[in-house]
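Colleague: Line by line, the protein sequences are chains Y and W.
Just so we're aligned, residue 241 is where the first sequence starts under the numbering used here, counting upward by one.
Just so we're aligned, residue 42 is where the second sequence starts under the numbering used here, counting upward by one.
Each residue gets a CB set at the ideal place from its N, CA and C atoms; glycine is no exception.
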Amino acid sequence: MPAIQYREAIRQAMAEELTRDPNVVILGEEVAQFHGAYKVTEGLLEKFGPRRIVDTPISEAGFIGMGIGASMLGVRPVIELMFWSFYSVAFDQILNNAANVRYMSGGQIHCPIVIRGPANGGTNVGATHSHTPENVLAHHPGVKVVVPSTPYDAKGLMKSAIRDNDPVMFLENTILYGDRGEVPEEEYLIPLGKADIKREGTDLTIVSYGRPVIQSLAAAHLLQQEHNISVEVLDLRSIRPLDMDAVLESVRKTHRVLVVEEQKPFCGVGAQLAYMIQSEAFDELDAPVARLCTVDAPSIYSPPVEAEQLPNPQRILRAAIGMLG
Amino acid sequence: MPIALTVSKKPSATAENRGEAGAAKPGFAGAPANSGLTAERKIGLFRLMMRIRRFEERSLRAYQAKKIGGFLHLYIGQEALAVGCCSLMGKDDHVITAYRDHGHALAVGMEMNPLMAELYGKATGCSKGKGGSMHFFDPARNYWGGHGVVGGQVPLGVGLAYGLKYKGLKGACMTFMGDGAVNQGAVHESYNLAALWDLPVVFVIENNGYSMGTSQARSSAGELARRAEGYGMAWGACEGHDLYEVRAFMSGYLERAREQSKPAVVEVRTYRYRGHSVADPDNTYRAKAEIEEYRKTKDPIQVFQNLLLAEKVLDEALAERIDSEARAEAESSAEFAEASPFPDVSDIQKDVYWEADNPSERKSGGRLFFD
Numbered sequence: 241m242p243a244i245q246y247r248e249a250i251r252q253a254m255a256e257e258l259t260r261d262p263n264v265v266i267l268g269e270e271v272a273q274f275h276g277a278y279k280v281t282e283g284l285l286e287k288f289g290p291r292r293i294v295d296t297p298i299s300e301a302g303f304i305g306m307g308i309g310a311s312m313l314g315v316r317p318v319i320e321l322m323f324w325s326f327y328s329v330a331f332d333q334i335l336n337n338a339a340n341v342r343y344m345s346g347g348q349i350h351c352p353i354v355i356r357g358p359a360n361g362g363t364n365v366g367a368t369h370s371h372t373p374e375n376v377l378a379h380h381p382g383v384k385v386v387v388p389s390t391p392y393d394a395k396g397l398m399k400s401a402i403r404d405n406d407p408v409m410f411l412e413n414t415i416l417y418g419d420r421g422e423v424p425e426e427e428y429l430i431p432l433g434k435a436d437i438k439r440e441g442t443d444l445t446i447v448s449y450g451r452p453v454i455q456s457l458a459a460a461h462l463l464q465q466e467h468n469i470s471v472e473v474l475d476l477r478s479i480r481p482l483d484m485d486a487v488l489e490s491v492r493k494t495h496r497v498l499v500v501e502e503q504k505p506f507c508g509v510g511a512q513l514a515y516m517i518q519s520e521a522f523d524e525l526d527a528p529v530a531r532l533c534t535v536d537a538p539s540i541y542s543p544p545v546e547a548e549q550l551p552n553p554q555r556i557l558r559a560a561i562g563m564l565g
Numbered sequence: 042m043p044i045a046l047t048v049s050k051k052p053s054a055t056a057e058n059r060g061e062a063g064a065a066k067p068g069f070a071g072a073p074a075n076s077g078l079t080a081e082r083k084i085g086l087f088r089l090m091m092r093i094r095r096f097e098e099r100s101l102r103a104y105q106a107k108k109i110g111g112f113l114h115l116y117i118g119q120e121a122l123a124v125g126c127c128s129l130m131g132k133d134d135h136v137i138t139a140y141r142d143h144g145h146a147l148a149v150g151m152e153m154n155p156l157m158a159e160l161y162g163k164a165t166g167c168s169k170g171k172g173g174s175m176h177f178f179d180p181a182r183n184y185w186g187g188h189g190v191v192g193g194q195v196p197l198g199v200g201l202a203y204g205l206k207y208k209g210l211k212g213a214c215m216t217f218m219g220d221g222a223v224n225q226g227a228v229h230e231s232y233n234l235a236a237l238w239d240l241p242v243v244f245v246i247e248n249n250g251y252s253m254g255t256s257q258a259r260s261s262a263g264e265l266a267r268r269a270e271g272y273g274m275a276w277g278a279c280e281g282h283d284l285y286e287v288r289a290f291m292s293g294y295l296e297r298a299r300e301q302s303k304p305a306v307v308e309v310r311t312y313r314y315r316g317h318s319v320a321d322p323d324n325t326y327r328a329k330a331e332i333e334e335y336r337k338t339k340d341p342i343q344v345f346q347n348l349l350l351a352e353k354v355l356d357e358a359l360a361e362r363i364d365s366e367a368r369a370e371a372e373s374s375a376e377f378a379e380a381s382p383f384p385d386v387s388d389i390q391k392d393v394y395w396e397a398d399n400p401s402e403r404k405s406g407g408r409l410f411f412d
């Protein structure tokens, strides 16, 4: 299998779906001529032309709302947010219109859109560009939320997201864009709502998604090497739908759970997971569910300090040892 | 063939692109949009306005009797606007509007029963009791709601127009908004996209003079539709109480949108007799005399009735019969709504996700809903 970058995997998924379905269009700032601010859409304009790959003005409420309206007529827009942080100026379109239109119309309308882009800190771009809104998005019934951690997952999940008849929020990561991973040449899809065990273990389960999965794998390696602790790393891949069965199965195996997420702690995804685990597997737990999150403050600029504000292998390692110590 | 979206080079706004397309001439009955109307069609339009009026009055009584919850934004006084515009629709024309949406729903051909049932929160409502007054939908009639947030529907209207253009269909989307919406950022973003890409959308500002309780003079600088000039878009304004005038004015813009894929912003001046919503006491920001003056001189149903009487298309007896039939239909819709069941509590989680509602086609795993 060829090893390709995370960004290439997403690009391949979009290109395959553009080829397969004439209703798929790509909309967003700098997605066509500029090839995407992070080069995810590079080459698509040349291959599919300006009717399918559309540069928009900096106007998120306008073009996301436009995409939602077009989806009601059967167009399937894949809309790039240069940063998910900019969802705030399109909040009404995403969470009033896309999330609610099916419900408010009594099921007469559906909204097959994908909104995709990076949602992460760690690149020293400060508080306005470092939001991780998966919890905010997943709070709204009607939308689906996907956060892939590897090129393989990103491609398979993106293809499923584009074919999905519900609005899918697809959260990528600028730090992962250059990561390489094996991706088959033949077509494959990964269904939303299926978690993946990225590393098997017996002493502790780390439940995570997105880039913290990669960091958790690094921490798990160190924990095994240096502390003889066997860690299972479960990658949720999709926040909503949520593969709770996979979480519970791992809990029954290891009896200890650490949720690692690049979120601020309050009302985060981990809070929901901790609630569900104690509610559904209380007797299986040998310790309270623990969380390792981004330190609770706006995202700091200062580069070395930001690295400590976010989850990182050392912080994860310390949290794991704290649970088992 | 679908038309590629390219950025067009537009001339700056000139007198030429300022509404010539829709310029309303005196003697609107004879305007091209109206001269071909048969007597039967004219009576149909009169009947439609009357049905909207009586439906609204009946819903007000139901609201006062506490049969209807939430807000009730009545369209009474504005009927010629929705009926005039929607009567011009062809099969690929679409409509989207804000929360004062009952008139448009009836104007596109929805029946009273599912609308009244929706107001009552019943399972037989057009949105199964899940949307309420502000969220009527009927995609089969190209009616895309019914939206609750001021200006929030306007980008969707641009999207419908984009969808038409992308699919190579010769239609247009009439995107209605109130005069209060023109100050929302989403509206200006929509104007820009529509003009930039020559999308077939006609933005219709229903100017009833008040954004909730704040008059136009206290909320909006300049002429409302003239803001289109900044985007190089055609614009114009007309009076909204004469159905013939609305049709004469709108038809050019619609035709231009369909045939040339050119957007426009039009302002139609109208008036609502009732408060912003029924909950609005309506005694702090305008004088009763103002309402009475409009009702006396510009009531759209009376104005059209007088025109049709003068044309001898209508006589008093027929007008009265149409009125009593509209009242009876509205009454019957209230009975239908009253007799209909509420949605079941088990219906709350239906119509949230397409996939959950179509389990045999579900591809994803995991939980979609949470306790």
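(1) Do we get a CB-CB distance below 9 Å when we pair residue 299 of chain W with the residues of chain Y?
(2) Residue 299 of chain Y touches chain W at which residues, Cβ-Cβ below 8 Å?
(3) Below 8 Å on the Cβ atoms is my guess for residue 195 of chain W versus residue 216 of chain W; work out the distance and round it to an integer in Å.
(4) Below 7 Å on C-beta distance, what does residue 126 of chain W contact in chain Y?
(5) Could you check how far apart the C-beta atoms of residue 288 of chain W and residue 74 of chain W are, in whole angstroms? I think they sit under 8 Å.
(6) How would you write the range of the alpha helix (DSSP H) that residue 73 of chain W sits in, first residue to last?
(7) In chain order, what residues of the same chain lie with their CB nearer than 8 Å to the CB of residue 347 of chain W, ignoring the 5 residues before and after it?
(8) Could you please tell me which residues of the region 307–318 of chain W, in chain order, have their CB closer than 9 Å to any CB of chain Y?
(9) What's the gap between the Cα of residue 253 of chain Y and the Cα of residue 343 of chain Y?
(10) Quick one: which unbroken alpha helix (DSSP H) runs of 4-plus residues sit fully inside the region 296–352 of chain W? Chain order, please.
(11) Residues of the region 152–171 of chain W with a CB closer than 8 Å to any CB of chain Y: list them in chain order, please.
(12) Looking at C-alpha atoms only, which residue of W:206, W:137, W:77, W:173 is the closest neighbour of residue 193 of chain W?
(13) Identify, in the order they occur along the chain, each residue of the same chain with its Cβ nearer than 6 Å to the Cβ of residue 228 of chain W, setting aside the five sequence neighbours on each side.
(14) Measuring straight from C-alpha to C-alpha, what distance separates residue 397 of chain W and residue 381 of chain Y?
(15) Is there a Cβ of chain Y sitting closer than 9 Å to that of residue 147 of chain W, yes or no?
(16) Anything in chain W within Cβ reach of residue 307 of chain Y, meaning under 8 Å, just list it in chain order.
(17) Less than 9 Å between the C-beta atoms of residue 274 of chain W and residue 306 of chain W, yes or no?
(18) What are the uninterrupted segments assigned as alpha helix (DSSP H) that are 4 or more residues long and contained completely in the region 405–482 of chain Y, given in chain order?
(19) Which residue comes first and which comes last in the alpha helix (DSSP H) that contains residue 367 of chain Y?
(20) Could you work out which residues of chain Y lie near residue 227 of chain W, taking near to mean beta carbons separated by less than 8 Å?
(21) Between the region 424–458 of chain Y and chain C, which residues of the former have a C-beta closer than 7 Å to a C-beta of the latter?
(22) Could you pull out every residue in the same chain whose Cβ sits closer than 8 Å to the Cβ of residue 340 of chain W, ignoring the five residues on either side in sequence?
(23) With 9 Å set as the bound, which would you pick, yes or no: does the beta-carbon of residue 132 of chain W sit closer than that to a beta-carbon of chain Y?
(24) State buried or exposed for residue 324 of chain W, treating a residue as buried only when at least 16 other CB atoms are found within 10 Å of its CB.
(25) For residue 267 of chain Y, which three-state DSSP category applies?
(26) Name the two residues that bound the continuous alpha helix (DSSP H) containing residue 377 of chain Y.
(27) Is DSSP giving residue 124 of chain W helix, strand or coil here?
(28) In chain Y, which residues lie less than 7 Å from residue 377 of chain W when you measure between Cβ atoms?
(29) Using only CA atoms, which one of W:244, W:315, W:238 lies nearest to residue 291 of chain Y?
(30) Drop a sphere of 10 angstroms on the beta-carbon of residue 407 of chain Y, count the other beta-carbons inside from all chains shown, and report buried for 16 or more, exposed for fewer.
(31) Counting C-beta neighbours from all protein chains within 10 Å, is the total for residue 360 of chain Y 16 or more, i.e. buried, or is it exposed?
(32) If you drop the 5 nearest sequence neighbours on each side, which residues of the same chain put their C-beta closer than 8 Å to that of residue 156 of chain W?
(33) At the level of alpha carbons, what is the spacing between residue 384 of chain W and residue 377 of chain W?
(34) For a contact meaning CB atoms closer than 8 Å, what does residue 396 of chain W contact in chain Y?
(35) Whole angstroms is fine: what's the gap from residue 203 of chain W's alpha carbon to residue 307 of chain Y's?
(36) If I measure Cβ to Cβ from residue 303 of chain W and keep anything under 7 Å in the same chain, skipping five residues before and after, which residues do I get?
Modeller: Reading it off the structure:
(1) The count along the second sequence starts at 1 and reaches residue 299 of chain W at position 258. Taking a beta-carbon distance threshold of 9 Å, residue 299 of chain W does not count as an interface residue toward chain Y.
(2) Walking along the first sequence from the start, residue 299 of chain Y turns up at place 59. Correct list: 230, 233, 234.
(3) Against the second sequence, residue 195 of chain W aligns to sequence position 154. Against the second sequence, residue 216 of chain W aligns to sequence position 175. Contact between residue 195 of chain W and residue 216 of chain W is confirmed by a C-beta separation of about 6 Å, below the 8 Å threshold.
(4) As a working mapping, residue 126 of chain W is identified with position 85 in the second sequence. Going along chain Y, no residue has its Cβ under 7 Å from residue 126 of chain W, so there is no contact; the nearest lies around 18 Å.
(5) The sequence position of residue 288 of chain W within the second sequence is 247, counting from 1. The sequence position of residue 74 of chain W within the second sequence is 33, counting from 1. The pair is a contact, with the Cβ atoms about 5 Å apart (cut-off 8 Å).
(6) The residue labelled residue 73 of chain W in the question sits at position 32 within the second sequence. Per DSSP, residue 73 of chain W belongs to the alpha helix (DSSP H) from 73–76.
(7) What you label residue 347 of chain W is simply residue 306 of the second sequence in a count that begins at 1. The answer is none, since no qualifying residue turns up.
(8) Residues of the region 307–318 of chain W with a C-beta atom less than 9 Å from some C-beta of chain Y do not occur.
(9) Locating residue 253 of chain Y in the first sequence gives position 13, counting from the first residue. Locating residue 343 of chain Y in the first sequence gives position 103, counting from the first residue. Residue 253 of chain Y and residue 343 of chain Y have their alpha carbons spaced roughly 29 Å apart.
(10) Runs of the alpha helix (DSSP H) spanning 4 or more residues and lying entirely within the region 296–352 of chain W occur at 329–339, 341–351, in chain order.
(11) Using a CB distance below 8 Å, the part of the region 152–171 of chain W facing chain Y consists of 166, 167, 168, 169, 170, 171, ordered along the chain.
(12) Position 152 of the second sequence, counted from the start, is the residue given in the question as residue 193 of chain W. Looking at the Cα atoms, W:137 is the closest of the given residues.
(13) Position 187 of the second sequence holds residue 228 of chain W. If we look at residue 228 of chain W and ignore the five residues flanking it on each side, its Cβ neighbours are 192, 195, 222.
(14) Mapped onto the second sequence, residue 397 of chain W falls at position 356. Mapped onto the first sequence, residue 381 of chain Y falls at position 141. Rounded to whole angstroms, residue 397 of chain W to residue 381 of chain Y spans 11 Å at the Cα level.
(15) As a position in the second sequence, residue 147 of chain W is number 106, starting the count at 1. Closer than 9 Å: no.
(16) The sequence position of residue 307 of chain Y within the first sequence is 67, counting from 1. Per Cβ cutoff of 8 Å: 200.
(17) The sequence position of residue 274 of chain W within the second sequence is 233, counting from 1. The sequence position of residue 306 of chain W within the second sequence is 265, counting from 1. For residue 274 of chain W and residue 306 of chain W, yes; Cβs fall inside 9 Å.
(18) Taken in chain order, the complete alpha helix (DSSP H) segments of 4 residues or longer contained in the region 405–482 of chain Y are 451–467.
(19) For the purposes of this step, residue 367 of chain Y is identified with residue 127 of the first sequence, where counting begins at 1. Taken as a continuous stretch (DSSP letters only), residue 367 of chain Y belongs to no alpha helix (DSSP H), as it is neither H nor E.
(20) Taking the second sequence and counting its residues from 1, one reaches residue 227 of chain W at position 186. Simply 301, 302, 305, 332, 333.
(21) Of the protein chains in this structure, namely Y and W, none is chain C.
(22) Along the second sequence, one-based indexing puts residue 340 of chain W at 299. Cβ neighbours of residue 340 of chain W beyond the five flanking positions: 118, 282.
(23) Here residue 132 of chain W refers to the residue found at position 91 when the second sequence is read from its first residue. Taking Cβ atoms only, chain Y never reaches closer than 9 Å to residue 132 of chain W, which makes this a no.
(24) Here the question's residue 324 of chain W lines up with position 283 in the second sequence. By the neighbour-count rule (16 or more Cβ atoms within 10 Å), residue 324 of chain W is not buried but exposed.
(25) Counting from 1 along the first sequence, the entry for residue 267 of chain Y is found at position 27. DSSP places residue 267 of chain Y in strand when its eight states are reduced to three.
(26) Indexing the first sequence from 1 puts residue 377 of chain Y at position 137. 374–378 is the extent of the alpha helix (DSSP H) around residue 377 of chain Y.
(27) Position 83 of the second sequence, counted from the start, is the residue given in the question as residue 124 of chain W. Correct three-state label for residue 124 of chain W: helix.
(28) Here residue 377 of chain W refers to the residue found at position 336 of the second sequence. None at all; the shortest Cβ gap to chain Y is about 17 Å.
(29) In the first sequence, counting from the first residue as 1, residue 291 of chain Y sits at position 51. Answer by Cα proximity: W:238.
(30) Sequence index remark: in the first sequence, residue 407 of chain Y carries index 167 (1-based). Buried.
(31) Against the first sequence, residue 360 of chain Y aligns to sequence position 120. Residue 360 of chain Y counts as buried, since no fewer than 16 other beta carbons sit within 10 angstroms of its beta carbon.
(32) Residue 156 of chain W sits at position 115 when you count from the first residue of the second sequence. Excluding positions up to five away in sequence, the list reads 96, 143, 146, 147, 166, 167, 177, 374.
(33) Here residue 384 of chain W refers to the residue found at position 343 when the second sequence is read from its first residue. Here residue 377 of chain W refers to the residue found at position 336 when the second sequence is read from its first residue. Their Cα atoms are separated by approximately 15 Å.
(34) Your numbering for residue 396 of chain W matches position 355 in the second sequence. Under the 8 Å cutoff, chain Y gives 404, 405, 406.
(35) Residue numbering aside, residue 203 of chain W sits at position 162 when the second sequence is read from its first letter. Residue numbering aside, residue 307 of chain Y sits at position 67 when the first sequence is read from its first letter. C-alpha separation (whole angstroms): 9 Å.
(36) Here residue 303 of chain W corresponds to residue number 262 of the second sequence, with the count starting at 1. Beyond the five residues adjoining it in sequence on each side, residue 303 of chain W comes within less than 7 Å, by CB distance, of 239, 275, 297 in the same chain, given in chain order.
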